[in-house]
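J.: I have a structure I would like to understand better, so I am pasting it below and will then ask my questions one at a time.
In the working numbering, the protein residues as written are 1066 to 1150.
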């Protein structure tokens, strides 16, 4: 694996893994009252666009990181819309 791809995958792993604590905390507490609906809506849109871009240029680190990040961020968005506390 070339260094540039490794760095991209490592960066994607770190930025994607950063969402796990928030997803876990929100799921366990069943509360998303302190999370911004606007921020997560805009963020999910941006991540979706990054994913499309990554697919268009066939860049594996961008595709993997943004596909997983989108799943995690949409999970938080879903929690925000369904948990009423």
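Just so it is clear, CB atoms sit at the ideal spot from N, CA and C, and this is done for glycine as well.
Just to confirm my understanding: we take residue 1105, look at its own chain, exclude 5 residues before and 5 after, and list those with CB closer than 8 Å. What are they?
T.: Within the chain shown, the letter at position 40 stands for residue 1105. Within the same chain, residue 1105 has close Cβ partners 1138, 1141, 1142, 1145.
J.: Once the 5 residues before and after residue 1102 are set aside, which same chain residues still bring their CB inside 8 Å of it?
T.: By 1-based counting over the chain shown, the position of residue 1102 is 37. Excluding positions up to five away in sequence, the list reads 1142, 1145, 1146.
J.: Looking at C-alpha atoms only, which residue of 1076, 1071, 1069, 1098 is the closest neighbour of residue 1130?
T.: Position 65 of the chain shown holds residue 1130. Residue 1076 is the option with its Cα nearest to residue 1130.
J.: Under 8 Å by Cβ, that's how I've got residue 1112 and residue 1135 pegged, so tell me the actual separation to the nearest angstrom.
T.: By 1-based counting over the chain shown, the position of residue 1112 is 47. By 1-based counting over the chain shown, the position of residue 1135 is 70. With 8 Å as the limit, residue 1112 and residue 1135 qualify as a contact, their Cβ atoms being about 5 Å apart.
J.: Using three-state DSSP, classify residue 1148 as helix, strand or coil.
T.: If you number the chain shown from 1, residue 1148 lands on position 83. Coil at residue 1148, not helix or strand.
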